[in-house]
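Those protein sequence lines, which keep their order, are chains A and B.
Residues in the first sequence are numbered from 51 upward in steps of one, following this note's numbering.
Residues in the second sequence are numbered from 51 upward in steps of one, following this note's numbering.
For reference, the structure discussed in these notes is given below.
There are 2 protein chains.
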Amino acid sequence: MTPPATKVTPISGFPELLPAERLLELHFLDVVREVFELHGFAPLETRAVEPVERLLGKGGDADKEIYAISRLADEGGSGRDAELGLHFDLTVPFARYVLENAGRLAFPFRRYQVQKVWRGERPQEGRFREFTQADIDVVDVGELAPHFEAEMPLVIAEAFRRLPVGEFRIQVNNRQVPEGFYLGIGLEDVAGTLRIVDKLAKIGPEEVAALLVEAGASDEQARLCLALAAIRTEDLGFVSQVRALGVSHPTLDAGLEALSAVIAAGLEQAPGTLVADLSVARGLDYYTGTVYETQLLGSEVWGSVCSGGRYDSLASDGRTTYPGVGISIGLTRLVHLLVAKRGLTASRSTPAAVLVAVVDEESRGRSRAVATALRARGIPCEVAPSAAKFGRQIRYADRRGIPFVWFPGAGESGDQVKDIRSGEQVDADAATWTCPEVDLRPAVVTR
Amino acid sequence: MTPPATKVTPISGFPELLPAERLLELHFLDVVREVFELHGFAPLETRAVEPVERLLGKGGDADKEIYAISRLADEGGSGRDAELGLHFDLTVPFARYVLENAGRLAFPFRRYQVQKVWRGERPQEGRFREFTQADIDVVDVGELAPHFEAEMPLVIAEAFRRLPVGEFRIQVNNRQVPEGFYLGIGLEDVAGTLRIVDKLAKIGPEEVAALLVEAGASDEQARLCLALAAIRTEDLGFVSQVRALGVSHPTLDAGLEALSAVIAAGLEQAPGTLVADLSVARGLDYYTGTVYETQLLGSEVWGSVCSGGRYDSLASDGRTTYPGVGISIGLTRLVHLLVAKRGLTASRSTPAAVLVAVVDEESRGRSRAVATALRARGIPCEVAPSAAKFGRQIRYADRRGIPFVWFPGAGESGDQVKDIRSGEQVDADAATWTCPEVDLRPAVVTR
Chain A
51 MTPPATKVTP ISGFPELLPA ERLLELHFLD VVREVFELHG FAPLETRAVE
101 PVERLLGKGG DADKEIYAIS RLADEGGSGR DAELGLHFDL TVPFARYVLE
151 NAGRLAFPFR RYQVQKVWRG ERPQEGRFRE FTQADIDVVD VGELAPHFEA
201 EMPLVIAEAF RRLPVGEFRI QVNNRQVPEG FYLGIGLEDV AGTLRIVDKL
251 AKIGPEEVAA LLVEAGASDE QARLCLALAA IRTEDLGFVS QVRALGVSHP
301 TLDAGLEALS AVIAAGLEQA PGTLVADLSV ARGLDYYTGT VYETQLLGSE
351 VWGSVCSGGR YDSLASDGRT TYPGVGISIG LTRLVHLLVA KRGLTASRST
401 PAAVLVAVVD EESRGRSRAV ATALRARGIP CEVAPSAAKF GRQIRYADRR
451 GIPFVWFPGA GESGDQVKDI RSGEQVDADA ATWTCPEVDL RPAVVTR
Chain B
51 MTPPATKVTP ISGFPELLPA ERLLELHFLD VVREVFELHG FAPLETRAVE
101 PVERLLGKGG DADKEIYAIS RLADEGGSGR DAELGLHFDL TVPFARYVLE
151 NAGRLAFPFR RYQVQKVWRG ERPQEGRFRE FTQADIDVVD VGELAPHFEA
201 EMPLVIAEAF RRLPVGEFRI QVNNRQVPEG FYLGIGLEDV AGTLRIVDKL
251 AKIGPEEVAA LLVEAGASDE QARLCLALAA IRTEDLGFVS QVRALGVSHP
301 TLDAGLEALS AVIAAGLEQA PGTLVADLSV ARGLDYYTGT VYETQLLGSE
351 VWGSVCSGGR YDSLASDGRT TYPGVGISIG LTRLVHLLVA KRGLTASRST
401 PAAVLVAVVD EESRGRSRAV ATALRARGIP CEVAPSAAKF GRQIRYADRR
451 GIPFVWFPGA GESGDQVKDI RSGEQVDADA ATWTCPEVDL RPAVVTR
């Protein structure tokens, strides 16, 4: 069968990695999973699709971004299936999963979820239509203890400290702070005001002030909104800075107290990691309390690489409400930016640490036996694909970054193994040879 | 924001697991990945979508099964994007990836790929519309060495022996055997004949004979086709059994030789694992040589849980051809059947091995310090969500299957830890206490 001559081209917004880059991404996934599991988050995976009506209206401009799916053979539509769409995040499906399985889950329920999501937005650098998110969330029944709001960013900080991302800051705000503040200065349209202030980083304070006034705010109200959004402290100083603006409202008090608790926990457990940043708003509608964003220092232009917040009514069946808090690493985005902008990759393009050479096709069985013995002790290896000249077999290893080539019968009394980086070749026994720990897995390197 | 009152119901064919079942599935994924990496397969992930025209005609009835995607906001169609569909397997996207990146890959290229695929077929027990496949493939440029055809099923056998799937047999055939045989007895429509004989397990020999005669075969030709399909040997005996049917054709000779090489390798390296089964055909069009299917003994009615074969022209840009061979574990199918039919699950619903109790909210920091010390030594744990009575905190652990509860300050000179299964409670220091190896990760258990 000859395939049709479809042109083979990348699809904008649907990124793919080369093997060494995928090994780097897997390292990130492994670290993130290990930290999540050390903290007792249970793994979960939800289906890729949800009913479109469940996706709609859950996430700001979500309706513009949803990919609907339909069976090709069904075109014209039998109308049998409800309309389905690919999920655009992992929080909305998780909330649905909690409602669907509430009777079979133990609460508070801690889960992590690492999956692809899809958004039909315009692709641009670091923005994809298909990408992997790595989420943790805790949900409870009726009430959710506030200490979980401090825990989420600290788990992320632990993962990030184990990853080659450099210095980072997790910015924390609480939606009740701007909400109470806006109400306290007489601005009733909280959501509208928040949406305008959210554009601060993009369009600057003058434009934001103009938009606020256009929306009905006085010059003084606009000034106060900008003054609030400018507050940013690594300690609890933000409280007095807000108080100094002379605004008071019970919701503002509640927000400042909640935010103080999160920042205080950060100061105690991971100094220098959390920052109270009163400009952080998050686009998604469903957040009701604490919100998080994360910046890599020196790469702030990349935007947030890890975001989330508290949602009190995303999961509700009308009688019972399951409030939750969660945070999500934009993994594809993070890895692609580190590859493209900081030149990160893996030290080789295969898990194999050893290539077992083949002397001639008749003795392939002997080489295979060496490989079996190495694998039995956890050493990833490959048998050479052909009994080519040794020079070619060494080149095979070199092209893939495989550090060792094993030569059966090369020594006086047995095999030898060569470190092709140093050229050093020594006698070795497949039953006892130890691969240096540092070479056992591909390492993270800079190109 | 109150969510719309969308009814929360499962979607037929889009399965989801409870946390303990997902931990079981993760165990399968971990074992499979470990074995694939030990054998030097590089990890790869391709985008979930391909141009529909690339998916069409690649896999038997594929056109009936493809899910097309479209941006909801685009309804009516701007016509800007080429029509995209979700992939229905991992082989077609892999072949496309090889063509697209041929200049940046080292050949022969060994890769594994574990991803969701989607098929719009009618859901039934063990058949899903969304499921995970775990594939290995080797592709080369121009020619592919035959030893790879023996290697594929033996790697799978190694993975299966490490998994709680019980006894299994990998059935191997070579498409050249029936092809040469049919030509040798004068049946020119090889594909049509193969399609009919492929129904043998479903409809039985009488029906197959009737369909063959209906399609133009003589009674004697139909009898010979059935006689060939009935041959099944664990050793090389199949060769003389085919010869005894008195048919000869050069393609048949080539097929018997290739199949003998695979079965001989199996006899040598993993006796009792491979079976020459001349009834195996595989539905997908693109296979050209060796084909594989896998049955779990005692659960043959489940059908094949791992299948694949050699394809010589799936990846071709017109000038260069990249022949390949691969095999694919139907992981979702396998895990769901083992959960539903053999009662497998994980011993707990969380990775946490220890619940650190909280005496009162004021001392939560002390409990958190215990958890941090345990995690630093790789012990997954959780701090109790509230300072409830110890009985309730123990119940919290018990409901999740967490084996140990840690009580800060419960001993005369420090902490104590209780094995809540035996009730045994002993003095313990978070800096030195060792979690029994068997309890560190959830175990596979039968309900």
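All C-beta atoms in this analysis are idealised placements derived from N, C-alpha and C, irrespective of residue type, glycine included.
Just so we're clear, the structure is a prediction, and the values are computed from it rather than from any experiment.
Subject >> Buried or exposed by the 16-neighbour rule on C-beta atoms within 10 Å, applied to LYS439 of chain A >> reply: It is exposed - the Cβ of LYS439 of chain A has fewer than 16 other Cβ atoms within 10 Å.
**OP:** Leaving aside the five residues before and after THR59 of chain B along the sequence, list all residues of the same chain whose C-beta is less than 6 Å from its C-beta, in chain order.
**Re:** Taking C-beta separations shorter than 6 Å and ignoring five residues to either side along the sequence, THR59 of chain B has no partners in its chain.
**OP:** Give the DSSP-derived three-state secondary structure of CYS275 of chain A in the structure shown.
**Re:** Of the three classes helix, strand and coil, the one that applies to CYS275 of chain A here is helix, per DSSP.
Subject >> Between the CA atoms of VAL148 of chain B and LEU155 of chain B - distance to the nearest angstrom >> reply: Approximately 8 Å between the Cα atoms of the pair.
Original post:
Identify the residues that DSSP records as bridge partners of GLN345 of chain B: which are they?
Top reply: DSSP lists B:ARG219 as partners of GLN345 of chain B.
**OP:** State buried or exposed for GLN174 of chain B, treating a residue as buried only when at least 16 other CB atoms are found within 10 Å of its CB.
**Re:** Flag for GLN174 of chain B reads exposed.
**OP:** Answer with yes or no whether the minimum CB distance from LEU67 of chain A to chain B is below 9 Å.
**Re:** Chain B contact via Cβ: present.
Original post:
At a Cβ threshold of 9 Å, is ASN223 of chain B touching chain A?
Top reply: Under the Cβ criterion of 9 Å, ASN223 of chain B is not counted among the residues facing chain A.
Original post:
GLU350 of chain A to ASP185 of chain A, Cα distance in whole Å?
Top reply: When rounded, the distance between both Cα atoms is 21 Å.
Original post:
Looking at the C-beta of HIS137 of chain B, does it have a partner C-beta in chain A at a distance below 9 Å?
Top reply: Not an interface residue.
Subject >> Contact between the region 446-457 of chain B and the region 225-243 of chain A (3+ Cβ pairs under 8 Å) >> reply: With the cut-off at 8 Å, the region 446-457 of chain B and the region 225-243 of chain A do not touch.
**OP:** With distances taken Cα to Cα, identify the nearest neighbour of THR243 of chain A among A:GLU264, A:ASN224, A:ARG491.
**Re:** Residue A:GLU264 is the option with its Cα nearest to THR243 of chain A.
Original post:
Which residues in the same chain as LEU140 of chain B place their Cβ atom closer than 8 Å to its Cβ, once the five residues preceding and following it in sequence are excluded?
Top reply: Its chain contains THR96, GLN163, GLN165, VAL167, GLN183, ASP185, SER378 as the residues whose beta carbon lies nearer than 8 Å to that of LEU140 of chain B, once the 5 sequence neighbours on both sides are disregarded; these appear in chain order.
Original post:
Is it a yes or a no for the region 266-285 of chain B touching the region 186-193 of chain B, going by three-plus beta-carbon pairs under 8 Å?
Top reply: Not touching, per the Cβ criterion.
Original post:
Tell me the DSSP bridge mates of LEU136 of chain A?
Top reply: Answer is A:VAL99, bridged to LEU136 of chain A.
Subject >> Residue from B:LEU381, B:GLY428, B:ASP465, B:SER62 whose Cα sits closest to the Cα of ALA407 of chain B >> reply: Comparing Cα positions, the closest option is B:ASP465.
**OP:** With a 10 Å radius around its C-beta and 16 neighbouring C-beta atoms as the bar for buried, classify GLY503 of chain A as buried or exposed.
**Re:** This structure leaves residue 503 of chain A out entirely; chain A is present only between 51 and 497.
Original post:
So is PRO486 of chain B buried or exposed if we call it buried at 16+ other beta carbons inside 10 Å?
Top reply: Exposed is the call here.
Subject >> With 16 other Cβ atoms within 10 Å as the buried cut-off, status of PRO69 of chain B >> reply: Label assigned to PRO69 of chain B: buried.
Subject >> Own chain, CB closer than 7 Å to GLY129 of chain A, minus 5 neighbours either side, in chain order >> reply: Reliability fails at GLY129 of chain A, whose pLDDT of 48 lies under 50, so the model's placement of it is uncertain and the value that follows must be treated cautiously. There are no such residues.
Original post:
Residue range of the alpha helix (DSSP H) that TYR446 of chain B falls in?
Top reply: That run of the alpha helix (DSSP H) goes 440-450.
Original post:
From the beta carbon of ALA377 of chain A, is the nearest beta carbon of chain B less than 9 Å away?
Top reply: Looking at the sequence itself, residue 377 of chain A is Ile, so the reference to Ala does not match. Using a Cβ-Cβ cut-off of 9 Å, ILE377 of chain A does not count as an interface residue toward chain B, since no Cβ of chain B sits closer than that to its own.
Original post:
Do we get a CB-CB distance below 9 Å when we pair GLN319 of chain B with the residues of chain A?
Top reply: With 9 Å as the cut-off, GLN319 of chain B counts as an interface residue toward chain A.
**OP:** Hey, could you find the ends of the beta strand (DSSP E) LEU155 of chain B is sitting in?
**Re:** Going by DSSP, LEU155 of chain B is part of no beta strand (DSSP E) at all; its letter is neither H nor E.
Original post:
Between the region 212-228 of chain B and the region 321-329 of chain B, do at least 3 Cβ pairs fall closer than 8 Å?
Top reply: The region 212-228 of chain B, when compared against the region 321-329 of chain B, does touch it at the 8 Å Cβ threshold.
Subject >> For ASN224 of chain A: DSSP bridge partner residues >> reply: Answer is A:THR340.
**OP:** State the DSSP-derived secondary structure class of ILE206 of chain B, mapped to helix, strand or coil.
**Re:** Collapsing the DSSP output to three states places ILE206 of chain B in a helix.
**OP:** Determine whether the Cβ of GLY348 of chain A lies closer than 9 Å to any Cβ atom of chain B.
**Re:** With 9 Å as the cut-off, GLY348 of chain A does not count as an interface residue toward chain B.
Original post:
Would you say the region 335-355 of chain B touches the region 376-392 of chain B, given that touching needs at least three Cβ pairs under 8 Å?
Top reply: Here the region 335-355 of chain B makes contact with the region 376-392 of chain B; the two share three or more CB pairs at distances below 8 Å.
**OP:** Within 10 angstroms of the Cβ of GLU411 of chain A, are there 16 or more other Cβ atoms? Answer buried if so, exposed if not.
**Re:** So GLU411 of chain A ends up on the exposed side.
Subject >> Cross-chain neighbours of GLY90 of chain A in chain B, by beta carbon under 7 Å >> reply: Correct list: THR400, PRO401, ALA402, PRO430, CYS431, GLU432.
**OP:** Answer with yes or no whether the minimum CB distance from ALA501 of chain B to chain A is below 9 Å.
**Re:** This structure cannot settle anything about residue 501 of chain B, because the visible part of chain B is limited to 51 through 497.
**OP:** Verify whether the separation of the beta carbon atoms of ILE116 of chain A and LEU302 of chain B is less than 9 Å.
**Re:** With a cutoff of 9 Å on beta-carbon distance, ILE116 of chain A and LEU302 of chain B are scored as not near each other.
Subject >> Spatially closest choice to ALA315 of chain A from A:THR338, A:PRO300, A:ALA304, A:GLU284, by CA coordinates >> reply: Of the residues A:THR338, A:PRO300, A:ALA304, A:GLU284, the one whose Cα lies closest to the Cα of ALA315 of chain A is A:GLU284.
Subject >> Cβ-Cβ separation, VAL495 of chain A to ALA396 of chain A (assumed contact under 8 Å), whole Å >> reply: Taking the Cβ atoms as the reference, ALA396 of chain A lies roughly 7 Å from VAL495 of chain A, within the contact range of under 8 Å.
**OP:** Pull up the distance between the alpha-carbon of LEU388 of chain B and that of VAL240 of chain B, whole angstroms please.
**Re:** Using only the alpha carbons, I get a separation of about 37 Å.
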